[in-house]
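Going by my numbering, the sequence shown opens with residue 981, and the numbers climb by one from there.
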Amino acid sequence: MKVALASDHGGVNIRKEIAKLLEELKIEYVDFGCDCETSVDFPDYALPVAEKVASGEFDRGILICGTGIGMSIAANKVKGIRCALVHDTFSARATRAHNDSNMLAMGERVIGPGLARDIAEIWLTGEFEGGRHANRIGKITEYEKQHS
């Protein structure tokens, strides 16, 4: 698995924690920043990462901003992306099992580093169940094909 990782200024600290987790799990990743405390625009980080995941260059992507909301909205504008905004472990497990999410968004101002690590690990190691859920994902994919 290869993961693209990015944050805006509001998610720098948790992004660094997730990078450590990826190293511990021996998961290949590229950190796309940002490395600043001054205000930056989250689409400048979310959209390129989402495009890299959608193209297949990366298997999954993780985005962090203050709330995770902006990053998830931006990422979900890219065809083929299913970015889940997650702030609890149940949702992390469910979004992989039921939604086959390929991107994860979290908010540093919403959750702490320990919970963020737990969520990311569950999401990274979770499997898609397929079955009835595959039909639902297929409907989303079909919609994207018809409306692109």
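For glycine and all other residues, C-beta sits at the position ideal for the given N, C-alpha and C.
Determine whether the beta carbon atoms of residue i and residue j lie at a separation below 7 angstroms.
i	j	result
Cys1063	Ser1052	yes
Ile1042	Ile998	yes
Met1086	Ala1096	yes
Val1029	Asp988	no
Phe1038	Asp1080	no
Tyr1009	Val983	yes
Phe1012	Gly1050	no
Leu1065	Gly1048	yes
His1067	Val1033	no
At what residues does the beta strand (DSSP E) containing residue i begin and finish?
i	result
Leu985	982–987
In the DSSP assignment, find the alpha helix (DSSP H) that holds residue i and state where it starts and stops.
i	result
Lys1006	Counting along the chain, Lys1006 falls outside any alpha helix (DSSP H), and DSSP gives it neither H nor E.
Gly1094	1093–1105
Gly1118	1112–1126
Opposite residue i in the DSSP bridges: which residues?
i	result
Gly1087	Cys1045
Against chain B, does residue i count as a neighbour if the rule is that its beta carbon must be under 7 angstroms from one of theirs?
i	result
Gly1060	Here chain B cannot be found, since the structure has a single protein chain.
### Task
Scan the segment 1010–1084 and note each continuous alpha helix (DSSP H) run of 4 residues or more that stays entirely inside, going in chain order.
1023–1035, 1049–1055, 1069–1079
Stretch-stretch touch, CB-based, cutoff 8 angstroms, three pairs: the segment 1014–1033 with the segment 982–993
yes
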